[in-house]
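Engineer: Top to bottom, those sequences are chains A and B. Position one of the first sequence corresponds to residue 799 (the working numbering), numbered consecutively onward. Position one of the second sequence corresponds to residue 3 (the working numbering), numbered consecutively onward. Ideal Cβ positions, reconstructed from N, Cα and C, are used throughout, including at glycine.
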Amino acid sequence: MNRNETPAATGAQENATLKALKEYYLNEAPFAIQMTGVKKEYQLGQFSSGTLINDVRSWWARKHGRDDPNTKVENDGRVILTDRFLALDDINLEIKHGETVGLIGANGAGKSTLLKLLSRVTAPTAGRIEIYGRVASMLEVGTGFNRELTGRENIYMNGTILGMTKSEIDRKMDAIIDFSEIGRYIDTPVKRYSSGMYVKLAFAVAANLDAEIMIMDEVLAVGDMAFQKKCIEKMRGIEQERGKTILYVSHNMDTIKRLCERCIVLKQGKIIFDGPANEAIALYMGINRAVATHYDYPESSHARYNFRKALIESADFPASFNGQIPENATLSFRVAVLGKLDLSEMYLRLEIVNSYGTVIGVMNSERGVPLKKNARTHVSVVMNCAHLAPGNYQVNLVAEAYTASGEWMKLDAVDSAFSLEIAYNAAAEEQHAHWFAVWNSSVNLEPLQIAQV
Amino acid sequence: MDKEIKKLIQHTVIEPKKLLHLNFGELWKYRDLISLFVKKDFALVYKQTILGPLWVFLNPLITTIIYTVVFGGIANISTDGVPKLLFYMAGNTLWTFFSEAISKTATTFKDNAQVFGKIYFPRLTRPISLVLYTGINFAFQFLMFVPVWIFYIVRGEVQPHWTYLWVLPVVLLFMAAMALGCGLIVSSITIKYRDMAIVITFGVKVWMYATPVVYPMTEVNNELLRRIILLNPVTQPMELFRFVLLGEGTLSAAGMIWTAVFAVAILLFGMMYFNKVEKTFMDTI
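1. Assuming L46(B) is part of the alpha helix (DSSP H), what are its boundary residues?
2. Which value, in whole angstroms, describes the spacing of the CA atoms of Y90(B) and V84(B)?
3. Under DSSP, the beta strand (DSSP E) around V1251(A) begins and ends at which residues?
4. Determine, for I929(A), whether the minimum Cβ-Cβ distance to residues of chain B falls below 8 angstroms.
5. Is the beta carbon of S105(B) sitting closer than 8 angstroms to the one on I202(B)?
6. Compare the Cα-Cα distances from E928(A) to each of C1061(A), I953(A), I1011(A) and M833(A) and report the closest residue.
7. I7(B) CB to nearest chain A CB: under 8 angstroms?
8. Looking only at DSSP bridge pairs, what is E1149(A) linked to?
9. Any residues in the stretch 893 to 925 of chain A with a beta carbon nearer than 9 angstroms to a beta carbon of chain B? Which ones, in chain order?
10. Name, going along the chain, the residues of the stretch 806 to 839 of chain A whose beta-carbon falls closer than 7 angstroms to a beta-carbon of chain B.
11. Looking at the unbroken alpha helix (DSSP H) that takes in I231(B), where does it start and where does it end?
12. Looking only at DSSP bridge pairs, what is M273(B) linked to?
13. Which residue's Cα is closest to the Cα of N1126(A): F943(A), Y840(A), P1116(A) and A1187(A)?
14. Would you grab the beta carbon distance between V1179(A) and F1131(A) for me? Rounded to a whole angstrom, and I think it's under 8 angstroms.
15. Hey, would you say L916(A) sits closer than 8 angstroms to A934(A), going by beta carbons?
16. My output table needs one value for R1132(A): the three-state DSSP class, helix, strand or coil.
17. According to DSSP, S1178(A) sits in a beta bridge with which residue or residues?
18. Using the Cα positions of S189(B) and T282(B), report the straight-line distance between them to the nearest angstrom.
19. Using a Cβ-Cβ cut-off of 6 angstroms (strictly less than) and excluding sequence neighbours within five positions of A1108(A), which residues of its own chain qualify?
20. What is the DSSP secondary structure of A108(B), counted as helix, strand or coil?
21. CB M274(B) to CB G251(B), shorter than 8 angstroms?
22. Exposed or buried, which one is N224(B) when buried takes at least 16 other CB atoms within 10 Å?
23. G903(A): which of T948(A), V988(A), D1072(A) and L824(A) sits nearest, CA to CA?
24. For a contact defined as C-beta to C-beta under 8 angstroms, what are the partners of K281(B) on chain A?
25. Quick one: using the 10 Å Cβ neighbour count with 16 as the cut-off for buried, is P1074(A) buried or exposed?
26. Do we get a CB-CB distance below 8 angstroms when we pair N802(A) with the residues of chain B?
27. When you compare only the Cα positions, how much space is there between R918(A) and Q12(B)?
28. Thinking C-alpha only, which one of L87(B), I121(B) and A178(B) is nearest I152(B)?
29. Would a check of beta-carbon distances place L947(A) closer than 8 angstroms to chain B?
30. For the stretch 146 to 166 of chain B against the stretch 117 to 126 of chain B, do three or more pairs of beta-carbon atoms, one drawn from each stretch, fall closer than 8 angstroms, so that the two count as touching?
31. How would you list, in chain order, the residues of chain A whose beta-carbon sits under 8 angstroms from the beta-carbon of A45(B)?
32. What is the rounded straight-line gap between the Cα of N1242(A) and the Cα of A924(A)?
33. Cβ closer than 9 angstroms: which chain A residues qualify as neighbours of T165(B)?
34. I want to see whether chain A comes within less than 8 angstroms of V188(B), judged by CB atoms only; does it?
35. Is the CB of R932(A) under 8 angstroms away from at least one CB in chain B?
36. Does any residue of chain B bring its CB to less than 8 angstroms from the CB of L1018(A)?
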């Protein structure tokens, strides 16, 4: 394209070209994304001792049949060998242009790895990925933002990193500023922005990309409610009007359900389901419902949180617990918490999540228990499920405390710490009112009092 | 189908890492990013400084004065008949370009780990933009050199070889290629061996003394030393630079060919190694 043409003529011509390009992708390109036999292997543990001299020493020792001086040895004398771990195992997948596909799976199922491969942050170990179209990845919005630069300068920086050209950004500048709601602060260094403004600006750039394929990883978990709504609407707009392809990863079943028709479920690096979103969500909630009376929460399952002030280690349920309790019953269990600091009062909170991924209510402990640094504290918990309607729930465990200055401070949190089914009381089905409560909501509120006056 | 559209269609194939995979077309597509990186670097370096961009001139000026006093005044090293100030200024200007380009590109992975880990763009854009940035800094410093140079020409103390003036851009290109190549290799090794970062800081210093920066080639009388210095691929560009501008120095076709071969080889190797490491470095760092 001739760069010296008048802007108007160039604009019209570019629009026509973009339209034709879109037509091509939608009608002629065989697919948007195709993965065949894709594997990704990670090495666990030490790669290298970090200094050349140690590596040479290790190599020398191995060569002469002696023990490697740099091997890690456990307390009991076991040698830790570098381990390999398949984060993705033989992934075969095809996504057509214009599809909106959800991707769900427990922590460590390989979702992030898959997105990293597609956004080319890292390369696969085996297999082949083919992509038709430009990919905009939003693994983390605002990448490349520099605190010293102004909002406008950062739009250019972030936009070009995301693959736009400068003239493209020039054309979209007004739309981006408008969407970001930053207004007159656009020429202020972003270090003066509030975190909310920062995120809005970052999302505005990403949302205005011309990419045909968008990869999103829970970007909507940020910003205030109104802005979140705007983002969801923008995404739906992207999907419907422009025929974009979206791969959306989230823990929020609600958004998956609202945005995606097709959904893929990953488990231990393998695709175990690929089909309608409703079925996928049901299956996923089922996977997570594996019943046990003892749950361990290894440090990796807290990966999403960085509070690190305590570690919720495990939960123990009575031997009779089978994952199911009757309506209006109470559930008792024990939680083991490893303290990382001394606290006179630690509080626990349970967040009840329904099968759509929506938190329907929280239960807070009224009193606290003391916590000792580097010691394990066992806490007994009695959970009254009186108002929970029959159905399947996930429970998030959160430990909190007051700081010396009287502020709330999160100590640790475990998502989907355990699952719970409130059994359906068949005998009560006769009652019309009860039936409604069960099937229309997750919470049984008090019966309504009415009378003729 | 329209040719225009065909050109715009993006078809990406991602496969396990291959050694020889240099995608220059993609780099060209991201040229706006390169220029923005350069602009950003300029914008950031002098933010919250009192003298601001003046440092571009002050830095080499102070170094030149130190060299003139220490090597010229105290050690009394001959400058082959060229005015001392001019001799050291020329050497320092070119050497600063080279050493800055190496040390800046050598930390590419370390400095950009965060961005590289989250988003894809051709990674080479970053080191290339850094070399361009040092190139522009060189241009500024050269601008400062020019009036001093003209002053001595007018006084008749130096006789430049005007007919060879066209060689200068070639010299710069070779210097840039060598700096980029070395920087890429060092930054790729640093991922695995952190101590490379320390090695490079004094490595560059040693390299400077192995290059005729503060002394002319004619002053090296020891045969062994002379051979070593001539093996240094930066020697010939340095001599050539002064030969053209100051009319002093030795010219050697063999030396220039050696430099050219070395520059191309190290650049290609550096790019390939960098590309190989870049694809999976996120799993290691």
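Structural biologist: Per the coordinate set shown:
1. R33 to V47
2. 10 angstroms
3. Counting along the chain, V1251(A) falls outside any beta strand (DSSP E), and DSSP gives it neither H nor E.
4. Interface residue, yes.
5. yes
6. M833(A)
7. yes
8. Partner(s): V1160(A) and N1194(A).
9. K914, L915, L916, S917, R918, V919, T920, A921, P922, T923, A924 and G925
10. T815, A818, L819 and Y822
11. Per DSSP, I231(B) belongs to the alpha helix (DSSP H) from E225 to L233.
12. According to DSSP, which records beta bridges pairwise, M273(B) is partnered with nothing at all.
13. Comparing Cα positions, the closest option is A1187(A).
14. Cβ-Cβ separation between V1179(A) and F1131(A): approximately 6 angstroms, consistent with a contact (criterion under 8 angstroms).
15. No, they are not a contact pair.
16. strand
17. R1132(A)
18. Distance between the alpha carbons of S189(B) and T282(B) is about 14 angstroms.
19. Here the set comprises V1135, G1137, K1138, A1197, L1209 and D1210.
20. Here A108(B) sits in coil by DSSP.
21. no
22. exposed
23. D1072(A)
24. Within 8 angstroms Cβ-Cβ: T920 and A921.
25. exposed
26. Any reading at N802(A) must be qualified, since the residue scores a pLDDT of 44, below 50, and its modelled position is unreliable; no value is offered.
27. Each residue's alpha carbon lies about 14 angstroms from the other.
28. L87(B)
29. yes
30. Judged by pairs of C-beta atoms under 8 angstroms, the stretch 146 to 166 of chain B does not touch the stretch 117 to 126 of chain B, as fewer than three such pairs exist.
31. E946, L947 and E951
32. 51 angstroms
33. Residues of chain A passing the Cβ test: none, with the nearest at roughly 37 angstroms.
34. no
35. yes
36. Here the model assigns L1018(A) a pLDDT of 49, short of 50, so the residue's position is not dependable and the matter cannot be decided.
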